[in-house]
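J.: Taken in order, the sequence shown gives residues 19 to 554; the numbers are from the working numbering.
Glycine included, C-beta positions come from ideal geometry on N, C-alpha and C.
Since the model is a prediction, treat every value here as computed from it, not as a measurement.
Have a look at this one before I ask anything.
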Amino acid sequence: MIKRVLLAVLLGAACARTAAAQSTRPWLAWRTLRTEHFDVHFPAELEPWAREAASRMEGIQAAVAPLVGSTPDRRVTVVIDDPAGETNGTAWSFLRTPYIQLYPTPPDPRSSLGNSRNYTEQLTLHEFTHIAHLTRPSRDPFTRLRSVLALPGQGPLSVAPRWVKEGYATYVEGRLTGSGRPFSAIRASTIRQFALEGRLPAYGQLDAVTGGYQSGSMAYLTGSAFLEWLAARRGEQSLVDLWRRMSARQIRTFDEAFRGVYGGSPAELYGLFVVEATANALEARRLLSTAGLVAGDTVQHLTWGTGDPSVSADGRHVALPLRGPSILWSRIVVWRTAETAAGDSAANAARDALLRRDSLDVPAIQVWPRPRTPIATLRPAGGLYGYSQPRFMGADQLLVIRSVPGGGGVLRPELFVWNWRRNTIRQVTHNAAIRAADPAPDGKRAAAVQCRNGFCGLVMVDLRTGALTPLAGERRTACSTGRASLPTGAPSWPPCRRAADGRSPRWMRPAAPSAWCTTTPPRARTTLRSRRMAIR
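See the structure below:
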């Protein structure tokens with residue numbers, strides 16, 4: 019028994035050190051902000067974003083605690099850093115040393131994280147919900163003693179399935195903000211399409227991290243939707259009752275605690291949820307079909323995901339990012355837009371050859387368009403860093419984005435020019451953190467999105483030298499509907515009002531009802547306009 023306790027202490031201490039050091043750069047100049055319940059540590063360069071996050075934390079704590087029904091009795095350590103320019107966060111629900119790591123780079127508005135009224139709020143709220151939820155202590159004396167001895171210790175809810183942990187934090191982010199993933203088109207469309215195809219995960223697959231397409235996201239998307247369904251059937255208090263049964267003096271498994279609140283096992287109730295989700299998806303499809311929805315023609319039937327396509331100016335070629343289960347599968351391909359007679363001839367020849375060998379054989383039917391053969395492919399650099407965001411520049415070149423390791427332990431996205439005919443690649447920017455770009459008609463410049471230190475702005479890139487000229491600065495201005503939208507998606511040409519010169523970039527934020535525009539020449543006064551506000 020003593021050996022087990024000592025082993026638990028050593029493992030707990032090691033986990034605490036690992037959490038505190040995860041993805042941080044100790045050689046930077048670090049600063050600390052302290053609030054009533056939080057210690058917020060950050061590099062000096064991230065101070066503006068850290069101050070905004072810290073200003074929200076006490077309000078988030080006050081809102082989350084009564085909804086979840088618990089809050090940690092220790093101060094929460096928050097570490098903010100941005101070594102890889104990623105949109106993410108993590109929470110370590112240790113009872114004695116609760117810890118949150120925040121990565122401040124704003125999300126692409128088309129991602130599942132892009133539907134929020136404020137990313138800083140959504141990220142902080144989601145991660146603190148993990149802490150408030152999972153640090154609920156046991157009311158069993160022996161379990162509490164064991165948690166104290168096994169430093170830093172975890173509460174009884176830490177054994178809950180992954181879909182419960184991530185689904186509940188996602189549920190709360192929507193419940194308290196009226197935005198986030200529960201209100202996103204991505205969650206609704208993902209669940210609907212998977213239901214229509216009969217591919218919603220089985221209950222045992224909800225916790226999956228890898229596997230099929232969207233497997234790792236199902237704990238967030240389907241998990242939060244399932245919890246909403248449970249709350250609608252039994253009331254929101256039923257979720258808190260579930261947490262209370264899991265932390266009671268009577269030791270229970272998650273399934274036992276769940277059955278006592280909802281009258282059936284999680285698998286049984288999830289099966290009913292899937293039936294209703296499928297019925298709702300079928301009804302939505304019927305309504306859309308009745309309304310005369312035009313879905314377009316299928317060009318290719320793929321097994322994973324894609325990014326935004328780019329069509330050449332002459333309409334003869336299309337570039338498309340293709341994604342797979344790992345970075346090794348990710349690539350950018352260039353296809354001809356027109357179907358080729360050679361493809362038909364090859365398919366007919368194969369069919370004829372099959373029947374010559376066996377006249378009673380039955381050739382396979384062609385349900386989907388034949389797979390296209392790329393005429394050029396750009397694979398990950400060194401098998402590690404994939405390319406994305408292709409934009410045609412003339413007939414032979416494409417602007418693309420790839421993450422590049424930099425000095426000081428950072429990984430930043432940079433702009434490249436790929437000549438797909440010659441298969442040559444040239445890096446344009448260095449340590450610039452360019453997320454997306456679109457070339458000017460003259461092929462000498464590109465309007466680009468630059469995201470640094472938690473904020474994004476619009477810049478002009480000289481494609482020969484890589485020099486940057488700010489167009490729309492990193493906006494940190496409040497407005498009547500909340501914080502001003504950050505430019506985080508992709509810019510495009512020509513200008514908003516179809517200016518004849520074709521020289522000015524247009525800012526489009528796909529998730530918003532309006533377009534942000536800037537038509538000001540470099541070095542001049544910048545004006546951002548929308549139907550809601552103007553910032554000068």
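(1) Residues in the same chain with beta-carbon distance under 6 Å from T138, minus the five sequence neighbours each way, listed in chain order, please.
(2) How about G241 and L224: do their beta carbons lie closer than 8 Å?
(3) Rounded to the nearest angstrom, what separates A109 and H55 at their Cα positions?
(4) So for G17, helix, strand or coil by DSSP?
(5) Do we get a CB-CB distance below 8 Å when we pair G77 with the residues of chain B?
(6) Please look up how many angstroms separate the CB atoms of S348 and G281, rounded, as I've assumed it's under 8 Å.
(7) My guess is that P387 and T316 are in contact by the Cβ rule of under 8 Å, so how many angstroms apart are they, rounded?
(8) Which residue marks the beginning of the beta strand (DSSP E) containing P586, and which one marks its end?
(9) From the DSSP secondary-structure annotation, give me the bridge partner or partners of H335.
(10) Pick helix, strand or coil for G440, following the three-state DSSP scheme.
(11) Taking the runs of the alpha helix (DSSP H) that are 4 residues or longer, which of them lie wholly in the segment 72–130?
(12) Note down the Cα distance separating W181 from A285, rounded to an integer number of angstroms.
(13) Can you list, in chain order, the residues of its chain with a C-beta nearer than 7 Å to that of Y189? Leave out the 5 residues immediately preceding and following it.
(14) Rounded to a whole number of angstroms, what is the C-alpha to C-alpha distance between A394 and G461?
(15) So V82 and D57 are in contact, right, with Cβ under 8 Å, and what is the actual spacing, rounded?
(16) Across which residues does DSSP place R340 in a beta bridge pair?
(17) Can you tell me whether V385 is helix, strand or coil according to DSSP?
(18) Taking the C-alpha atoms as reference points, what is the distance between L590 and D100?
(19) Between which two residues does the beta strand (DSSP E) containing W48 stretch?
(20) Looking at the unbroken alpha helix (DSSP H) that takes in F244, where does it start and where does it end?
(21) Which residues in the same chain have their Cβ closer than 8 Å to the Cβ of G278, if we skip the five residues on either side of it in sequence?
(22) Using a Cβ-Cβ cutoff of less than 7 Å, which residues in the same chain neighbour V477 once the five nearest sequence positions on both sides are dropped?
(23) Does the segment 211–223 touch the segment 165–176, meaning 3 or more C-beta pairs lie closer than 8 Å?
(24) If you drop the 5 nearest sequence neighbours on each side, which residues of the same chain put their C-beta closer than 6 Å to that of R374?
(25) Going straight from the alpha carbon of L214 to that of V385, what length do you get?
(26) What's the gap between the Cα of R74 and the Cα of P392?
(27) Could you name the residues of the same chain whose beta carbon sits closer than 7 Å to that of T208, not counting the 5 residues immediately before and after it, in chain order?
(28) Run through the DSSP bridge pairs and tell me what E432 is partnered with.
(29) Which residue from V479, I98, T42, G230 puts its Cα closest to that of R341?
(30) Going by other Cβ atoms of all chains shown within 10 Å of its Cβ, with 16 needed for buried, is Q261 buried or exposed?
(31) Checking 8 Å against the spacing of the C-beta atoms, do G11 and P339 come in under that value?
(32) When the Cα atoms are used, what is the spatial distance from L606 to P61?
(33) Please tell me whether I78 and P116 are closer than 8 Å, where the distance is taken between their beta carbons.
(34) Cα-Cα, which of H151, L152, E191 is closest to N133?
(35) Who are M478's beta bridge partners in DSSP?
(36) Between which two residues does the alpha helix (DSSP H) carrying P159 extend?
T.: So, from the listed chains and residues:
(1) E70, A71
(2) yes
(3) Cα to Cα, A109 sits roughly 16 Å from H55.
(4) With the chain covering only 19 through 554, there is no way to say anything about residue 17.
(5) In the displayed structure, chain B is absent; only one protein chain is listed.
(6) Actually they are not in contact, since the Cβ atoms of S348 and G281 sit about 45 Å apart, beyond 8 Å.
(7) Confirmed, Cβ separation roughly 6 Å.
(8) Absent from the model: residue 586. The displayed extent of the chain is 19 to 554, so no value can be given.
(9) Paired residue(s): R354.
(10) At residue 440 the sequence reads Arg, which differs from the Gly that was named. R440: coil per DSSP, three-state reduction.
(11) none
(12) 12 Å
(13) P200, S242, L245, E246
(14) Approximately 21 Å between the Cα atoms of the pair.
(15) About 18 Å separates the two Cβ atoms, so there is no contact after all.
(16) With the sequence shown as reference, residue 340 is identified as Leu, and Arg is not the correct amino acid for it. Paired residues: T324, R349.
(17) coil
(18) Residue 590 cannot be examined here, being either before or after the span of the chain that is shown, 19 to 554.
(19) 48–52
(20) 236–252
(21) Hits under 8 Å: R263, R270.
(22) A466, Q468, L486, T487, P488, L489
(23) no
(24) none
(25) 18 Å
(26) The C-alpha of P392 is placed about 49 Å away from the C-alpha of R74.
(27) Beyond the five residues adjoining it in sequence on each side, T208 comes within less than 7 Å, by CB distance, of Q232, L239 in the same chain, given in chain order.
(28) R420
(29) Distances from the alpha-carbon of R341 to those of V479, I98, T42, G230 put G230 closest.
(30) The residue you asked about is not Gln; residue 261 is Trp in the sequence shown. So W261 ends up on the buried side.
(31) Absent from the model: residue 11. The displayed extent of the chain is 19 to 554, so no value can be given.
(32) Not covered by the structure: residue 606. The range shown for the chain is 19 to 554.
(33) no
(34) Answer by Cα proximity: E191.
(35) A465, T487
(36) 159–167
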